[in-house]
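Participant: For reference, the structure I am asking about is given below.
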Amino acid sequence: MTDATSVRRDDRGLSETTAVLISAVVGILVALGSLVVVQGFGVFYETLNRVGPTVDAGGVGTEWVAGASEPMLALVIKLLHVADLLMGLFILLMLFVHWGAFRRIAERMQPAADRPTATDGWTTPSEDDANRGDAG
Amino acid sequence: MTNLDHGKFTRTTTLFHSLLALDVFFLFFTGYSAMFNDELWWLLALFGGAQGVLAVHRIAGLVLIALTVFWVVMLVIGPGRQGNLREALPDFQADTAAFKQDLAFVFGQAEERHPNARQFAGHSADDVPLLSYIGKGVVWIFTVELVLLMVSGLLIWSKTGLMDVMATKAAAIAFVAFHGILGVIMLMGVMFHIFEHGFHPAFYPVELKAFIPKRDIPHSESEPAADESVTGIERLTLRPSWTWASSLAGVATVIGIVSVLVASIVDSGYPIPSELTVGGGATSLLLTVGVNVGILVLFVGLLLSVYGNVLRARYEAQRHGQTEPTAGHDTTDD
Numbered sequence: 000m001t002d003a004t005s006v007r008r009d010d011r012g013l014s015e016t017t018a019v020l021i022s023a024v025v026g027i028l029v030a031l032g033s034l035v036v037v038q039g040f041g042v043f044y045e046t047l048n049r050v051g052p053t054v055d056a057g058g059v060g061t062e063w064v065a066g067a068s069e070p071m072l073a074l075v076i077k078l079l080h081v082a083d084l085l086m087g088l089f090i091l092l093m094l095f096v097h098w099g100a101f102r103r104i105a106e107r108m109q110p111a112a113d114r115p116t117a118t119d120g121w122t123t124p125s126e127d128d129a130n131r132g133d134a135g
Numbered sequence: 000m001t002n003l004d005h006g007k008f009t010r011t012t013t014l015f016h017s018l019l020a021l022d023v024f025f026l027f028f029t030g031y032s033a034m035f036n037d038e039l040w041w042l043l044a045l046f047g048g049a050q051g052v053l054a055v056h057r058i059a060g061l062v063l064i065a066l067t068v069f070w071v072v073m074l075v076i077g078p079g080r081q082g083n084l085r086e087a088l089p090d091f092q093a094d095t096a097a098f099k100q101d102l103a104f105v106f107g108q109a110e111e112r113h114p115n116a117r118q119f120a121g122h123s124a125d126d127v128p129l130l131s132y133i134g135k136g137v138v139w140i141f142t143v144e145l146v147l148l149m150v151s152g153l154l155i156w157s158k159t160g161l162m163d164v165m166a167t168k169a170a171a172i173a174f175v176a177f178h179g180i181l182g183v184i185m186l187m188g189v190m191f192h193i194f195e196h197g198f199h200p201a202f203y204p205v206e207l208k209a210f211i212p213k214r215d216i217p218h219s220e221s222e223p224a225a226d227e228s229v230t231g232i233e234r235l236t237l238r239p240s241w242t243w244a245s246s247l248a249g250v251a252t253v254i255g256i257v258s259v260l261v262a263s264i265v266d267s268g269y270p271i272p273s274e275l276t277v278g279g280g281a282t283s284l285l286l287t288v289g290v291n292v293g294i295l296v297l298f299v300g301l302l303l304s305v306y307g308n309v310l311r312a313r314y315e316a317q318r319h320g321q322t323e324p325t326a327g328h329d330t331t332d333d
């Protein structure tokens, strides 16, 4: 059985509450520590470089006079677009697989009580299934 | 009340999931209203305009670091968590078989979904692993994505600082572009995740096992009847609105995924484009509508996450005042 009840049976000494508290403190400390590190970069100068994106011909970052002009870095950006495209197509495939699977699963369930007729290719269960009764 | 099925997660996990979701939604709304500001001008204005939106994004980014480190430490020191980590490792043979069987199931070539794909366990709870093959994919892809986004996010926290490190302004620009383009995979993945767990016919409108801890869900040990399927799903009643709602959500999710993908390529990392585009990025009406539909899907996800917690609170209150627990498979109305 691969369920989370095993969590409760574990007796290595540390309780769930203690583990949560320790993890929370470490998480907050690391987040604040990383803030201290990047603050050292001089974050306040950045506001000088920004204009409102809703102003005419303006946008976040339009103060930059050129785009990413380093060939190596531009190549990495193109590679990331390719990665996005491949993952996007894969995610779409998974979406369609699930959409199709959900429709098949729905066909097996009891039809909604106030929707007795099929209007869009809906397959209603057989008379036997209907007579078996509603679990709810 | 929606259908409960068997619980899978502890209270820590369910609360962590809700907090992480809330934070990631804020990161998406702020980050992509900056990146797609031509299409999402209203969202950008909603989050405080050019200055405010990135301030909120940074705060949410720090919260993400805290949440992620929290979870990593929990996996190491939390009781039983290392076992769960092993459960999340891919089983290439079984997971590939689950993917193939899902394809076969859609085309009517298989009678059931593979246990490693099954979302509704029903009578087959003993065969269903902690995470489906999709769940494992989500965990690992999001892990890699989140690490890269956090590292690149910290690097571009201050562009002037990054210029000191990277020597040129162009390099700093490239890192901003990396950050936005990398997140598109997560953006698309979360849209799919919302559809997968919000519109399964047995769970619609929300899969409650993500919100109600396992210990609070009663378990029925009944065996399936001879003429029932493996899961016994035919005993459940479909909600009347599922057909149109799932179709609408499916179409919106497809439009959203395609649009943010196209917009990210058209804008190529705007606000810092690979070539300077005076006046901003894309101005296509179709793309504007599509990207907004994608954001709408995210808002649905946020709403479902809140709704799941409302149902959890209501369920806990009902259970508290009830002496005899109900069966785990029963469908009860709101």
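Top line first, the protein sequences correspond to chains H and G.
Each residue of the first sequence is one higher than the one before, counting from 0 in numbering that gives the first Met the number 0.
Each residue of the second sequence is one higher than the one before, counting from 0 in numbering that gives the first Met the number 0.
Where is the CB? At the ideal position from N, CA and C, for every residue including glycine.
Everything numeric in this text was worked out from a predicted model, so none of it was measured.
If we require 4 or more residues per run, which alpha helix (DSSP H) segments fall completely within the region 39-102 of chain G?
Facilitator: You should have 40-45, 48-76, 80-87.
Participant: If we define contact as Cβ-Cβ less than 9 Å, is residue 19/H a contact residue for chain G?
Facilitator: Interface residue, yes.
Participant: Counting only Cβ-Cβ distances shorter than 7 Å, please list the residues of the region 94-127 of chain G near chain H, keeping chain order.
Facilitator: Going along the region 94-127 of chain G in chain order, one finds 101, 102, 104, 105, 112, 125 with a Cβ nearer than 7 Å to chain H.
Participant: To the nearest angstrom, how far is the alpha carbon of residue 296/G from that of residue 190/G?
Facilitator: Cα to Cα, the separation comes out at about 6 Å.
Participant: Count the other CB atoms, across all protein chains shown, that sit within 10 Å of the CB of residue 148/G; report buried if there are 16 or more and exposed otherwise.
Facilitator: It is buried - the Cβ of residue 148/G has at least 16 other Cβ atoms within 10 Å.
Participant: According to DSSP, is residue 12/G part of a helix, a strand, or is it coil?
Facilitator: Residue state, collapsed to three classes: helix.
Participant: Under 7 Å, CB to CB, which of the residues in the region 242-254 of chain G have a partner in chain H?
Facilitator: Taking 7 Å as the Cβ-Cβ cut-off against chain H, the residues of the region 242-254 of chain G that qualify are 242, 245, 249, 252, 253.
Participant: Among 285/G, 24/G, 185/G, which one has its Cα closest to the Cα of residue 84/H?
Facilitator: That would be 185/G, whose Cα lies nearest to the Cα of residue 84/H.
Participant: How long is the line joining the alpha carbons of residue 59/G and residue 145/G, rounded to whole angstroms?
Facilitator: Residue 59/G and residue 145/G: Cα-Cα distance of roughly 13 Å.
Participant: Is residue 197/G close to the ligand NAP? I mean its beta-carbon at under 8 Å from any heavy atom of the ligand.
Facilitator: Ligands displayed in this structure: none; no statement on the ligand NAP is therefore possible.
Participant: Count the other CB atoms within 10 Å of the CB of residue 304/G; is the residue buried (16 or more) or exposed (fewer)?
Facilitator: Classification for residue 304/G: buried.
Participant: Does DSSP classify residue 317/G as helix, strand or coil?
Facilitator: Three-state DSSP puts residue 317/G in a helix.
Participant: For residue 206/G, is the classification buried or exposed, using 16 other Cβ atoms within 10 angstroms of its Cβ as the cut-off for buried?
Facilitator: Looking at its Cβ environment, which holds 16 or more other Cβ atoms inside 10 Å, residue 206/G is buried.
Participant: Tell me which residues of the region 91-103 of chain H have at least one Cβ-Cβ distance to chain G shorter than 7 Å, keeping chain order.
Facilitator: Going along the region 91-103 of chain H in chain order, one finds 91, 93, 94, 96, 97, 98, 99, 100, 101, 103 with a Cβ nearer than 7 Å to chain G.
Participant: Suppose you measure from the CA of residue 86/G to the CA of residue 128/G; what does that come to, to the nearest Å?
Facilitator: Going from the Cα of residue 86/G to the Cα of residue 128/G covers about 8 Å.
Participant: Taking the alpha helix (DSSP H) that residue 144/G falls in, what are its first and last residues?
Facilitator: Here the alpha helix (DSSP H) through residue 144/G covers 132-154.
Participant: Is residue 236/G helix, strand or coil by DSSP?
Facilitator: Residue 236/G: strand per DSSP, three-state reduction.
Participant: For the alpha helix (DSSP H) containing residue 7/G, name the first residue and the last one.
Facilitator: Per DSSP, residue 7/G belongs to no alpha helix (DSSP H) and is neither H nor E.
Participant: So, for residue 123/G: in the same chain, excluding its five sequence neighbours on each side, which residues have a beta-carbon less than 8 Å away from its beta-carbon?
Facilitator: Contacts found: 114, 117, 229, 230.
Participant: Cα separation between residue 6/G and residue 96/G?
Facilitator: Looking at the two C-alpha atoms, the distance is approximately 24 Å.
Participant: Please tell me whether residue 236/G has its Cβ less than 9 Å away from any Cβ of chain H.
Facilitator: True, the Cβ-Cβ gap to chain H drops below 9 Å.
Participant: If the cut-off is 9 Å on Cβ atoms, which residues from the region 175-200 of chain G count as contacting chain H, listed in chain order?
Facilitator: Answer in chain order: 175, 176, 177, 180, 181, 183, 184, 187, 188, 190, 191, 194, 195, 198, 199, 200.
Participant: What is the rounded straight-line gap between the Cα of residue 307/G and the Cα of residue 108/G?
Facilitator: When rounded, the distance between both Cα atoms is 34 Å.
Participant: What residues from the region 78-90 of chain G come within 8 Å of chain H, judged by C-beta to C-beta, listed N to C?
Facilitator: Of all residues in the region 78-90 of chain G, 78, 79, 80, 82, 83, 86 have a Cβ within less than 8 Å of some Cβ in chain H.
Participant: At a Cβ threshold of 9 Å, is residue 239/G touching chain H?
Facilitator: So, interface residue.
Participant: Rounded to whole angstroms, what's the CA-CA distance from residue 139/G to residue 70/G? Just pull it up for me.
Facilitator: Looking at the two C-alpha atoms, the distance is approximately 14 Å.
Participant: Taking 9 Å as the CB-CB limit, is residue 35/H close to chain G?
Facilitator: Answer no: the Cβ-Cβ gap between residue 35/H and chain G never drops below 9 Å.
Participant: Could you tell me whether the region 94-106 of chain H touches the region 238-249 of chain G, using the rule of 3 or more Cβ pairs below 8 Å?
Facilitator: Output reads yes: the region 238-249 of chain G touches the region 94-106 of chain H.
Participant: Given a cut-off of 9 Å, decide if residue 196/G and residue 176/G are closer than it, judged by their beta-carbon atoms.
Facilitator: No, Cβ-Cβ distance for residue 176/G and residue 196/G is not below 9 Å.
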